[in-house]
Amino acid sequence: MENNQKQNRLHAFVEQEVITNQSMLVEWLLDNGQFVNDDIENLYPQIGLNTGRCCECGGEDRELDEDEMCADCQGPQEIFEWWLVTSWFAEKLKKHGEPILTNDYGTWWGRTCTGQAIYLDGVIEMIYDHLQ
618 MENNQKQNRL
628 HAFVEQEVIT
638 NQSMLVEWLL
648 DNGQFVNDDI
658 ENLYPQIGLN
668 TGRCCECGGE
678 DRELDEDEMC
688 ADCQGPQEIF
698 EWWLVTSWFA
708 EKLKKHGEPI
718 LTNDYGTWWG
728 RTCTGQAIYL
738 DGVIEMIYDH
748 LQ
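If you count the sequence shown from 1, you need to add 617 to reach the working numbering.
Quick look at the structure:
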């Protein structure tokens, strides 16, 4: 498939699954205790199974046991934006280790990159490619 054609399809895919940006709302709710960080699934990077390697960055460290991360990778993922998404899409994002906040009011994706169109994010392409 031609690159431009694929980008058009990715753009349409995002338009269907990503509803609206609600960063200010979610940040306000987190700051005011309506939601807490413990409510966010995948806030911390998912653990891998590589003994002797950081399960996040893949760096070698002989002292790391199975399922451990190096000191640089132990913190929470940095969330730059919050997007209201469909529940179906949230499940796909969750399987790829993306932060997801779900409650009675909605389902939000904590986007960990910024500065480009959402359809250009690597995780979007991975999800789309798995559907093909």
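Glycine residues also receive a C-beta, built at the ideal position from the N, C-alpha and C atoms.
Predicted model, so just to flag it, every value in this text is computed and none were measured.
Beta-carbon separation (whole angstroms), residue i vs residue j, contact threshold 8 angstroms
{"i": "Phe-706", "j": "Glu-634", "result": "4 angstroms"}
{"i": "Trp-700", "j": "Gln-639", "result": "7 angstroms"}
Straight-line Cα distance separating residue j from residue i
{"i": "Leu-660", "j": "Asp-721", "result": "19 angstroms"}
{"i": "Val-631", "j": "Tyr-736", "result": "6 angstroms"}
{"i": "Leu-642", "j": "Glu-708", "result": "22 angstroms"}
{"i": "Tyr-745", "j": "Leu-718", "result": "21 angstroms"}
{"i": "Asp-738", "j": "Thr-731", "result": "9 angstroms"}
{"i": "Val-629", "j": "Val-653", "result": "Per the sequence shown, residue 629 should be read as Ala rather than Val. Between Ala-629 and Val-653, the C-alpha separation is close to 32 angstroms."}
Per DSSP, cross-strand counterpart(s) of residue i
{"i": "Asn-720", "result": "Gly-723"}
{"i": "Ile-657", "result": "Leu-718"}
{"i": "Asn-830", "result": "Nothing in the structure corresponds to residue 830, since the chain is present only between 618 and 749."}
{"i": "Arg-626", "result": "Answer is none; Arg-626 lacks a bridge partner."}
Outcome for residue i when other beta-carbon atoms lying within 10 angstroms are tallied against a minimum of 16
{"i": "Gln-733", "result": "exposed"}
{"i": "Thr-637", "result": "exposed"}
{"i": "Leu-646", "result": "buried"}
{"i": "Gly-727", "result": "buried"}
{"i": "Thr-724", "result": "buried"}
{"i": "Val-702", "result": "buried"}
{"i": "Glu-715", "result": "buried"}
{"i": "Leu-627", "result": "buried"}
{"i": "Gln-694", "result": "buried"}
{"i": "Leu-710", "result": "buried"}
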